[in-house]
Amino acid sequence: MRTIEDVTATNIEIVAYEETAIKNVNLRNLLPSQTHGGELCGIDENVNMGCTDSPYIGIALDVVWDIADTHLTILGGFGVALVIGVLWMLLIRFLAGVVVWVSLMSFLMLFSALTVFTGVRAYEAYKQDPNSRVDASKLRNSPYVGSRWPIWAGMSGVLGLLFLFTLLILLFLRKRIQIAIALIKQASRSIANLPTLLVFPLFLYVLQVAALAFVAAFTLYHLGTLAFGSLILTICGLIKKSIKYVQRKPNSTTSNSCMQGILKSCACCFWLLEKLLKYVNKNAYIMVAMYGKNFCRSAGKAFKLIVNNAFRALVLTKVTDFFIFIAKLVTVATTSTLAYFALDSDSTREFLKIENRPKYIQAPVATIAIGSYILTSCFFNVYSNAVDTLFLCFLEDQKLNDGSRERPYQMPSELFKILNKGNYKRKYRTN
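For the sequence shown, the residue numbers in this note's numbering are 123 to 553.
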């Protein structure tokens, strides 16, 4: 017969074992191993096929494992993006023109250098293995798949096209750069008076991360291995059923081309309507903040202002949005480049305690790039909204006032000068 002391000791051992197991939880333990997993991945005629016998599922697992092994580097990349974003906002408050030009030049230099670098890597990989191909059935048996020349050549082509496309846009809009600088400078002054505007997007970002962390923790500690396996089966079955449905659908509607045309036209119209509503909504809220009217009246007023100044609205606001987008890309390119060289260096991997070189090194780098873009967007989108607000205020000021002593313009003279170069001396008056 067991005594109370024996039962207590057994319970203590069980609790200690569970705590140790929880502390040692690894993402790899939640995924099928490299030699098992057929129970999860076998489907229909391939029911006896293991997870890694299916090349695409195996590649996906390798990518997830690379990201899990480099999680510290990914977090460090997010931190670098955050620091760059904060420095960009601090500098643009006092040196708007310098920051805009430096951002443009940095973008051109970074992307031209990355294009050359990836092209050189593609050439070196081609000399080593000219017959290399990206074959999914052979990728898992090859070390360092990310070093195959077709992958590097594709990256070089994409970066080169982006560089040339951006260069053409900059040459076409070179006369509008001063307008963008003026709008960003005025937006910086507005944000300086309300610095909490920069904290609010970061607060939303923290809430999003907390929500995702809750979902991850719930999945990890409450659903269990059985539910995780069922989830994978459900996802695989859903994807398979969706593919079969898409394959059967065209066969049943081929004879009715008129209906297909109507459906595609409706989809296009609804897409355009959605884009229009998103644009009008943002400007409607700006008018609500200006006059305190209801949403419908504010939306109508904003829409009328924009339609009456359609070309000016398109050029001025979109040029500024383009330069803010360039600033985001500079941040993303910087963090991604640093992350790549950190993961490619043996000494850095040893410092970060990464045992092996990632097989798909582009996977953690792409994760850092996406996360950096999302993080910097939280800050830079504040400037984009501020520019849109300033532009609507500018249009409304021109509509209500004429620059006379009785009705002087409320906008700063610098903003009026840059937006109305020809009429500046004739129209602008001060109090």
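Just so it is clear, CB atoms sit at the ideal spot from N, CA and C, and this is done for glycine as well.
Same chain, Cβ closer than 6 Å to residue i, neighbours up to 5 away in sequence not counted
i: T511; result: I408
i: A302; result: V441, T442 and F445
i: L236; result: L281
i: M277; result: T240
i: A435; result: I428
i: T470; result: A464
i: P265; result: Confidence is the limiting factor: at P265 the pLDDT is only 49, short of 50, which leaves the residue's position unreliable and the question unanswerable from this model.
i: I532; result: In the sequence as presented, Ile is not what sits at residue 532; that position holds Gln. Cβ neighbours of Q532 beyond the five flanking positions: D519.
i: V185; result: Y482 and A485
Whole-number beta carbon distance between residue j and residue i, since they are thought to touch under 8 Å
i: L427; j: E518; result: 7 Å
i: T489; j: K450; result: About 16 Å; that fails the 8 Å criterion.
i: V452; j: S225; result: 5 Å
i: S467; j: F200; result: So it is not a contact: roughly 20 Å between Cβ atoms.
i: T192; j: P530; result: Rounded, the Cβ-Cβ distance is 59 Å, inconsistent with contact.
i: A218; j: I299; result: The pair is not a contact, with the Cβ atoms about 11 Å apart (cut-off 8 Å).
i: I214; j: V208; result: About 11 Å; that fails the 8 Å criterion.
Cut-off 8 Å between Cβ atoms - residues of its own chain near residue i, not counting five sequence neighbours on either side
i: P534; result: Q308
i: K475; result: L194
i: A421; result: V402, N403, N405, A406 and M409
i: Y462; result: I483 and V487
i: L394; result: none
i: K415; result: M409 and K423
Backbone secondary structure at residue i - three-state DSSP
i: G493; result: helix
i: D524; result: coil
i: S499; result: helix
i: L537; result: helix
i: Y505; result: helix
i: Q532; result: coil
i: N431; result: coil
i: G422; result: helix
i: Y482; result: coil
i: N315; result: helix
i: L474; result: coil
i: S467; result: coil
i: L438; result: helix
i: K397; result: helix
i: G282; result: helix
i: N405; result: helix
i: L290; result: helix
i: G555; result: What is shown of the chain runs 123 to 553, which leaves residue 555 out entirely.
i: K297; result: helix
i: K415; result: coil
i: H344; result: Because H344 sits at a pLDDT of 46, beneath the cut-off of 50, its placement in the model cannot be relied upon, and the following sentence gives the value as read from the coordinates. Helix at H344.
7 Å CB neighbourhood of residue i in its chain, flanking five on each side removed
i: N151; result: Below a pLDDT of 50, predicted positions are generally treated as unreliable, and N151, at 48, falls in that range; the measurement from the model is reported next regardless. Taken in chain order, the list of residues that qualify is empty.
i: L204; result: L497
i: W274; result: T240, R243, A244 and A247
i: A455; result: L232, F233 and L236
i: E536; result: A304
i: F425; result: V402
i: W223; result: none
Residue from the options whose Cα sits closest to the Cα of residue i
i: F445; options: T288, M412, G422 and L537; result: T288
i: L232; options: V437, Q330, L286 and V186; result: L286
i: A244; options: S506, G279 and S228; result: G279
i: I206; options: L460, V441, R471 and D188; result: L460
i: V429; options: L398, Q250, L334 and Y462; result: L398
i: P272; options: Y248, F239, L283 and G282; result: Y248
i: S458; options: C418, V202 and V242; result: V202
i: F294; options: V437, L522, A411 and L394; result: V437
i: L284; options: T439, F229 and F502; result: F229
i: I189; options: L334, F325, F501 and R479; result: R479
i: V328; options: T470, L514 and C500; result: C500
i: T439; options: L514, F425, S526 and I448; result: L514
i: K521; options: Y505, A411, V504 and K423; result: K423
i: Y505; options: A332, F447, F325 and A335; result: F447
i: L292; options: A411, V238, M227 and C391; result: M227
i: M412; options: F516, L334 and L394; result: F516
Cutoff 9 Å: residue i Cβ touching any chain C Cβ
i: A449; result: Absent from the structure is chain C; it holds one protein chain and no more.
Where are the alpha helix (DSSP H) runs, 4 residues long or more, that stay fully inside the segment 172–240, in chain order? 177–191 and 193–216
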